[in-house]
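With the first letter of the sequence shown counted as 1, position 10 gets the number 316 in our numbering; the numbers rise by one all the way through. Scroll down for the structure; my scribbles are underneath it.
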Amino acid sequence: IGELEVLPTSYLYSPTGEQVAQQAGEVTRASIESYIKTIQVQ
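If you want it as structure tokens, here you go:
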């Protein structure tokens, strides 16, 4: 994953195990759900 510079740091993985996103700092459930909807459209 590499060196962490900000805590918390969150990672989002696809069902196949591929890292698709990284977010430094606080993450809300709503922001994760919004991101998932965005990438499903693509």
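Beta carbons: idealized from backbone N, C-alpha and C, even for Gly.
Go through its chain and collect everything with a Cβ distance to Q325's Cβ below 7 Å, but skip five positions before and after it.
-> Answer for Q325: Y317, Y319, listed in chain order.
In three-state terms, what does DSSP make of Q346?
-> helix
Under 8 Å between the Cβ atoms of P314 and E339?
-> no
Would you please state the rounded distance, in angstroms, between the beta carbons of E309 and A330? I believe it to be under 8 Å.
-> Going by Cβ atoms, the distance from E309 to A330 rounds to 12 Å, so no, they are not a contact pair.
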